[in-house]
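Report on one structure; see the data block that follows.
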Amino acid sequence: MAKPFLETNLKTTPQKEIGKNDAFEAGRLSRFVEVWKEEGAPQNILQTITGYIIPFVKKPPRVPFHSKIISRFETKKLNSEIQTLIQQKVLEISTVQAGFLSTMFPVPKPNNKVRPIINLKGLNKFLTPKKFRLLNHFRVPHFLQKGDFLIKIDISQAYFHIPVANRHRRFLSIVHQKKVFQFTCLPFGLSTAPLTFARVSNWVASRLRQMNIRVIVYLDDFLIANQDPMKLQKDAIETVQFLLRLGWIINMNKSLQDPSQHIEYLGIEWDTFHNTKALPEKKIFSLRKDLSKLLSSQKWSWQSAKSLLGKLNFASFVIPLGRLHSRKIQRAANILPEKSVRKKFPIPAKALEECNWWIQNLEKKDSLFKFSETIFITSDASDQGWGAQINEKHISGTWDAHQLQWHINKKELFAVLLAVQSEKDLIKNKRVVVQSDNRTVIAYIKNQGGTRSSQLTGLVFQLLTLANKLQAEICPQYIPGIYNDVADSLSRQNSLSDWHLSKKICNQIFQKWGNPEVDLFASSKSKVVPAYVSRDTKDKDALFIDAFSKKWEYKLAWIFPPPSLIPRVLAHLNQAKGSYILIVPRWDRVFWRSDLRTRAIDRPFQIRNLHHHLKDLTTQTNVTKVQHLRLEAWRVRGGQF
């Protein structure tokens, strides 16, 4: 059998320096501080690898150590593991008279061994860890590309590489065989440990990216990608050599050393060749066992229900409509009493139905890379009726007497459903961006339902089941009401607005960037240059009807679309050539802003005093709520980035 690629090609590296436990010595990064300095590590990273100072918000009390202290857990397996920690200098005999004592307990491992865990709950009360986000499985698809080859590199005993400052080791004390030991390095269980380690490994990953290596990292687990397997092998060698140079020990047994298009990472199986993401067999087996047990007994406790929901929530990432089919289980679990966490109660029939659905769907896979073609829907509802824009098409309707009594949230969500139902053929096999100015509607679609409103969850069930049948992906996005003018006008059965900037503002922008040759979103009244494109099919003076109907190739063009169309404009720019002046709302948190920045040729031009310079030519008045609007002009380039 051929040796794995990395072990074969790391010619200058002795095997013991790659991942053998007998080569490991706790806190070893402190011996490589000068190397980290040479590589440009910032001061906070250098301080951490020199000796981590635990950031107590309040100093823990020091308990005197005495000879009568005994350990609560003494088993043969645990003793063996602790002896290994002593040999590796993870634990050392304490030489101080007082400190903070915690207990050590064994946690079973799959290989019939145990992992010694220090219980630091008491010590963590004196810490306030900062909130931060680790890499998670939701972000991996944004990193991967179709056809990628992958290699995974795992750090051995990762936390133990980082030393703890001598003066703080006393707070990490345990008792073993009537002796007091203290941790010399970063232990699992310390509430600040994940952030501390993530800062170190994230800096390492950023340094690798500077070496033109595509890499992400979750704590000690590096994932490297490249479209070319030969180049990936080169990247992997450079990565391992860099990690070794910094003092890390590589666990070759846990690393995936040969380029592959199928890999398990963060508990998910990723297949860049077949374009799938799925649960690993072990997780499928475990979840099926839990579900079968509940279906057999038809009873559960608060504890077992919450455990199941946690697993289902994770699995929903790869199983289509998984969260949607967890809502009845969730609603049933929410009424279980927390005071009796182990007491058994009957499982409601509707929850059992969903458990059955899960067993039948556990092996399903979801697409890793979604559809490239996108349809844009913007909808709104009012007391008068509903309206939606689907690409260039406008639809609207009124409520019957029964619907008129509905809550506005239900009306808004129903408007989305009606829009999708009206254009089934159009959205089939497409990515559908749905924009609404109702945050509840967006949240219910994004979360595949909820527990507060069974009526909204019912509508979401209809919407997402239809989309799944059409193999369409629904992507909900919030749009502020003041920018949702087209759908709002349709829902109120009003004429569409026609926003227009004053000649003074246009001239200021033209002086900055030049005169556009065409206005792509205009009417005969609102055009800012003689040549324009209209959305009115009766406009015979326009160059053509519907700006999206043709590819854009202009030296400089003016684009001032309804704000709800901006995502579609940016998508259309992917196939465009030339440069464009794009007028957009100043809205920092909007999902398309990063795309806008990527395309920018110059800094944006802020348009001030809109109450003087922005009119709605349909009504010949100021735009509604103009005092709350902020607009800016961007000069952007066409093409893909």
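To convert a position in the sequence shown, counted from 1, into the numbering used here, add 4. Glycine included, each C-beta is placed from N, C-alpha and C at the ideal position.
Expressed to the nearest angstrom, what Euclidean distance is found between the alpha-carbon atoms of residue i and residue j?
| i | j | result |
| --- | --- | --- |
| R35 | D224 | 19 Å |
| A30 | H165 | 6 Å |
| L95 | T461 | 53 Å |
| L614 | N451 | 37 Å |
| V168 | Q51 | 10 Å |
| L547 | S538 | 8 Å |
| H146 | W274 | 12 Å |
| K303 | K287 | 22 Å |
| N338 | V640 | 50 Å |
| K414 | R612 | 37 Å |
| N170 | S177 | 12 Å |
| G2 | R331 | An answer regarding residue 2 cannot be provided, because it is not within the stretch 5 to 645 covered by the chain. |
| A319 | G326 | 7 Å |
| W361 | Q307 | 22 Å |
| W638 | N519 | 14 Å |
| L635 | L505 | 10 Å |
| N25 | L89 | Only weak support is given to the placement of N25: the predicted model assigns it a pLDDT of 41, under 50, and the value that follows is read from those uncertain coordinates. Roughly 11 Å between the two C-alpha positions. |
| H406 | G391 | 18 Å |
| N255 | I241 | 14 Å |
| Y56 | W410 | 59 Å |
| Y222 | N140 | 8 Å |
| W207 | V37 | 14 Å |
| V588 | S568 | 10 Å |
| D136 | Q87 | The question names Asp, but residue 136 is Phe in the sequence shown. Using only the alpha carbons, I get a separation of about 35 Å. |
Quick one: give me the first and last residue of the alpha helix (DSSP H) that residue i is part of.
| i | result |
| --- | --- |
| F201 | A197 to Q214 |
| M234 | P233 to L250 |
| E557 | Careful: E557 lies outside any alpha helix (DSSP H), inside the beta strand (DSSP E) at E557 to I563. |
| T52 | Q47 to T54 |
| Q91 | K80 to Q91 |
| R572 | I570 to H576 |
| C359 | A353 to N365 |
| I333 | R331 to N338 |
| I449 | R443 to K450 |
| H504 | First-last for H504: W503 to L505, but that is the beta strand (DSSP E), not the alpha helix (DSSP H). |
| E38 | V37 to E42 |
With a cut-off of 8 Å on the beta carbons, I'd call residue i and residue j a contact; round off their distance for me.
| i | j | result |
| --- | --- | --- |
| R66 | F109 | 23 Å between Cβ atoms; not a contact. |
| Q265 | D152 | 7 Å |
| I122 | P191 | 5 Å |
| E43 | R211 | 6 Å |
| I220 | Q161 | Not really, about 21 Å apart at Cβ, beyond 8 Å. |
| I363 | S296 | 7 Å |
Let me know the secondary structure DSSP gives residue i once reduced to three states.
| i | result |
| --- | --- |
| R634 | coil |
| E521 | coil |
| G401 | strand |
| V588 | strand |
| T541 | coil |
| W596 | coil |
| F104 | coil |
| D294 | helix |
| G391 | strand |
| S264 | strand |
| F514 | helix |
| D224 | coil |
| W410 | coil |
From which residue to which residue does the beta strand (DSSP E) around residue i run?
| i | result |
| --- | --- |
| N317 | No beta strand (DSSP E) contains N317, which is instead part of the alpha helix (DSSP H) from W306 to A319. |
| Q529 | Reading the sequence as shown, one finds Lys at residue 529 and not Gln. First-last for K529: undefined, no H or E at that position. |
| E96 | L95 to I97 |
| F153 | F153 to D158 |
| P120 | V118 to N123 |
Can the beta-carbon of residue i be found closer than 9 Å to that of residue j?
| i | j | result |
| --- | --- | --- |
| Q459 | I381 | no |
| D543 | S553 | no |
| P484 | V445 | no |
| E557 | G642 | yes |
| R335 | T455 | yes |
| V322 | D370 | yes |
| V573 | L586 | yes |
| I58 | L131 | yes |
| L467 | L366 | no |
| F525 | I563 | yes |
| K156 | Y269 | yes |
| Q186 | R203 | no |
| P608 | R590 | yes |
| A355 | I333 | yes |
| L372 | N279 | yes |
| T276 | Q388 | no |
Got a sec: does the ligand PLP put a non-hydrogen atom nearer than 8 Å to the Cβ of residue i?
| i | result |
| --- | --- |
| W562 | What this structure holds is no ligand at all, so the ligand PLP is not there to describe. |
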